């Protein structure tokens, strides 16, 4: 039986390239694609693929929160991060969210194929550079005491934060998340209070730094 794969990346050229390579690989097939995290969660719940290849910086819902939602709502689905980010915050975020693998986008396809097979076999796969980051994180005493204010935000607050940083209006956020405008405003106030941020521009900078959004359109 083929390994069923869902591709989640906001760049179509990346999805197209991955689909072409994966479908040439014996025993693997791409069953769906998603251009943002929210769509990835929806399709993962509906299709229950074996593997989701997940980008991190995507619009509407980032890959870290999308991974967390998939693991919570469809725990048999495995997630492999495929990202340009090698920063410890992104690696830690994805692994803590439940990802079973993490590769960088400059990896050879053969390594991705190896990772897919390893994760399907209930193993963890990290590319060498990422494995080094993980080891250093646990060896470093200072890393063990780090605590970002970001971890104090609730799941809903993180969703609102990302959408605010992407320039989505309060009214539109309310519609997308099925909330009242007043509730969104309350979330915004709570977010700014927890992060000690006082302007939207500071909020955007913070969201970019945490990998929730980017300057790309």
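In our numbering, the protein residues as written are 1235 to 1451. Note that CB positions come from ideal geometry on N, CA and C, so glycine has one too. Quick caveat, the model's predicted, so the values are computed rather than measured.
- The shortest C-alpha to C-alpha distance from residue 1370 to any of 1388, 1322, 1409, 1400 is the one to 1322.
- In the DSSP assignment, residue 1262 is bridged to 1237.
- Using a 10 angstroms sphere on the CB of residue 1317, the tally of other CB atoms reaches 16 or more, which defines it as buried.
- Pairing residue 1407 with residue 1395, the inter-Cα distance amounts to about 10 Å.
- Every beta strand (DSSP E) of 3 residues or more that sits fully in the segment 1277-1353 is shown, in chain order, as 1285-1288, 1312-1317, 1335-1338.
- Under the 8 Å Cβ criterion, the segment 1396-1405 does not count as touching the segment 1344-1363, having fewer than three qualifying pairs.
- Taken through DSSP and simplified to helix, strand or coil, residue 1242 comes out as strand.
- Within the segment 1378-1416, the complete alpha helix (DSSP H) segments at least 4 residues long are 1389-1399, 1404-1411, listed from N- to C-terminus.
- Residue 1444 carries a coil assignment under DSSP once its states are collapsed to helix, strand and coil.
- In the three-state reduction of the DSSP assignment, residue 1268 falls in the strand class, which pools E and B.
- The Cβ-Cβ distance between residue 1331 and residue 1310 does not fall below 7 Å.
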